[in-house]
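This report refers to the structure that appears directly beneath it.
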Amino acid sequence: MFPPPLVVGFDLDMTLLDTRPGIKATLDALAARTKTYIDSDLAVTRLGPPLGTELAQWFSSAQVPEALAIFRELYPTHAVPATIPLPGAIDAVRAVREREGRVLVITGKYEPNAKLHLEHADLQPDVLVGELWAGEKGAALKEHGAAVYVGDHLGDIEGARVAGACAVAVATGPYDVTELREAGADTALADLTEFPDWLDTHVRSLASDDDSWGSTVAVEGVRPSGRAEAISLAETRTP
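Residue numbering for the sequence shown follows my numbering, starting at 1172 and increasing by one per position.
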C-alpha cells in the first residue's frame, strides 16, 4: 500500500512571515499620500481578512478602490524589505520537502506582492495562490490535493474544513492556542518551531493507518466497513 503524496498548504501573513512592520510602514505611507488618518498600529493587530475590509475603516466605499491601488503600488518598497520569516518558518517548509512533499502557499494577499515576499525570504513554494480568504481557500487546497493547511486565523481553519484537510493552527496571529482549539483546529501550536515534530507524528500515523488497512485487505479480505468479501490482488492496491 502506498500513501498519497504529502501536500501541505501554508497561509502567509503571520503564519510564515511577520508582515506587521511592513504593512504598518505601507499604511503610514498611504496615509501620508492620501492625507487620511489611519491607525496603523491598530490595523496590524487584525491582519487576515482582505485588505479592502481594513481600508474601509479609514476610507469611504468610493475611495477604497483607489486607496487599494495606491497601497499595492507602495507595498514592494515599504513592506517587502521590512518583513522577516516567523520563528520556525524555514524549518517548517524544509520539513515538508524532506518528506518529498509539496508546499502550497494559499493567501489572502495580492499575489504579485506575495511572490515578492516569498522570494525575499527565500521561501519558494510549489504553488502560490493569492487573494483567497477563509472558505475560498478550500477550493484551492482541494484542487492541489492538500491534506494539511497551516494558518494563524479562524478563516484558515474554515478553509481547511472546506477542503477536508487537517487544520493546523499556529498562535502567531490574533488568537491564542486555546481560542484556536475552541474554533475547531485539529492541532494548535504555539508557533512553527513545533511543526516538524508534529509533522513527523502525523506522517507516522498516516503510514500506520495505511499499513493496517493494507494488512486487513490482503490478509483478511475485509473492507473498512467490516464486511468480508473475496478481494482480488488487483483490488488491494491503493485507489
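We put the CB at the ideal spot given by N, CA and C, even for glycine. These figures come from a predicted structure and were not determined experimentally.
How big is the Cα-Cα spacing for E1290 and A1334? 27 Å
* Asked: Roughly how many angstroms lie between the CA atoms of L1360 and R1204, to the nearest whole one?
  -> 39 Å
- Nearest candidate by alpha-carbon position, reference G1444, set E1225, V1348, A1266 and G1301: In the structure as shown, the chain starts at 1172 and stops at 1410, and residue 1444 therefore has no counterpart that could be examined.
Exercise for the section: On a CA-only basis, which of D1371, R1265 and K1195 is nearest L1222? Give me that one, please. Expected result: K1195
- Query: Exposed or buried, what is P1220 when buried is set at 16 or more other beta-carbons lying within 10 Å of its beta-carbon?
  - Reply: exposed
Does DSSP put D1184 in a helix, in a strand, or in coil?
strand
* Just checking my contact of A1421 with P1367 at CB under 8 Å: how many whole Å lie between their CB atoms? -> Here the chain comprises residues numbered 1172 to 1410, so residue 1421 is not present and cannot be evaluated.
- Give the DSSP-derived three-state secondary structure of V1179 in the structure shown. strand
- [ ] May I have the straight-line CA-CA distance separating T1387 from L1370, to the nearest angstrom?
- [x] Reliability of the predicted coordinates at T1387 is poor, the pLDDT of 42 falling under 50, and the value obtained from them is presented with this limitation in mind. One C-alpha to the other measures close to 26 Å.
Which residues in the same chain as A1260 place their Cβ atom closer than 6 Å to its Cβ, once the five residues preceding and following it in sequence are excluded? L1187 and L1363
- prompt: In terms of alpha-carbon separation, which member of A1336, D1199 and H1315 lies closest to L1275?
  reply: H1315
From V1179 to K1308, what distance separates their C-alpha atoms? 13 Å
Q. Can you tell me whether A1389 is buried or exposed, with buried defined as 16 or more other CB within 10 angstroms of its CB?
A. With a pLDDT of only 41 at A1389, under 50, the local geometry of the prediction cannot be trusted, and no value is derived from it.
By alpha-carbon positions, which one of A1292, L1312 and L1351 ends up nearest to V1298? L1312
Burial state of A1338, where buried means 16 or more other Cβ atoms lie within 10 Å
buried
Quick check on DSSP: helix, strand or coil for Y1320?
strand
Check this for me: beta carbons of T1413 and A1250, under 7 Å apart or not?
This structure leaves residue 1413 out entirely; the chain is present only between 1172 and 1410.
Per DSSP, which residues does T1358 bridge with? Please list them. V1339
Are there 16 or more other CB atoms within 10 angstroms of the CB of G1355, so buried, or fewer, so exposed? exposed
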